[in-house]
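Undergrad: Under numbering that gives the first Met the number 0, the residue at position 4 of the sequence shown is numbered 3, and the numbers go up by one with no gaps. Next up is a structure, given as structure tokens.
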Amino acid sequence: MKAHSELELIARRYRKYGVSLDKLLDLLASAEARGLPHSGALAWLRLTLGNEFGEEEYFNAEQISAMTGDTPEQATARMVEFCRTHPDHGPVLCIDRRALDMIEAGQEE
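Here's what the structure looks like:
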């Protein structure tokens, strides 16, 4: 998906809260000026808006790594560890408990 199309989708989702495409463009430019790559800045926008307005946002390892600077493997390892140490935390991370069990089984072999 083209970045501007993704930004328009974000604007559509959050317009009910008064968020405009122009405001998102300003925030995106600010995040990129602080050193986030474009894909990381887009993910950061979704994370920030989701937290601000109580909307659920889901991220894959590549999106998390674009925000944090980690590799996708490091981001996945961090998600697995979080799920292991916080089993009752809820749907903060988009990782299926069955997937975690499969990962753990593979690590034990």
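Glycine included, C-beta positions come from ideal geometry on N, C-alpha and C.
(1) With a CB to CB cut of under 8 Å and the five nearest residues on each side skipped, what residues in its chain are close to ALA10?
(2) Have a look at ASN59 and ASN50 and give me their C-alpha separation to the nearest angstrom.
(3) Output needed for ARG45: all residues of its chain with C-beta closer than 8 Å, excluding positions within five of it in sequence on either side, in chain order.
(4) In terms of alpha-carbon separation, which member of LYS15, THR47 and ARG14 lies closest to LEU26?
(5) Are there three or more Cβ pairs, one per stretch, closer than 8 Å when the segment 64 to 82 is compared with the segment 31 to 39?
(6) Can you give me the Cβ contacts of GLU7 inside the same chain, cut-off strictly under 7 Å, excluding the 5 residues immediately before and after it?
(7) On a CA-only basis, which of THR75, THR84 and PHE52 is nearest TYR13? Give me that one, please.
(8) So, with DSSP's three-state summary, where would you put GLY68?
TA: Walking through what the data contain:
(1) VAL18, SER19, LEU20 and LEU23
(2) When rounded, the distance between both Cα atoms is 17 Å.
(3) ILE9, GLU56 and PHE58
(4) Cα-wise, what sits closest to LEU26 is THR47.
(5) yes
(6) LEU20
(7) PHE52
(8) coil
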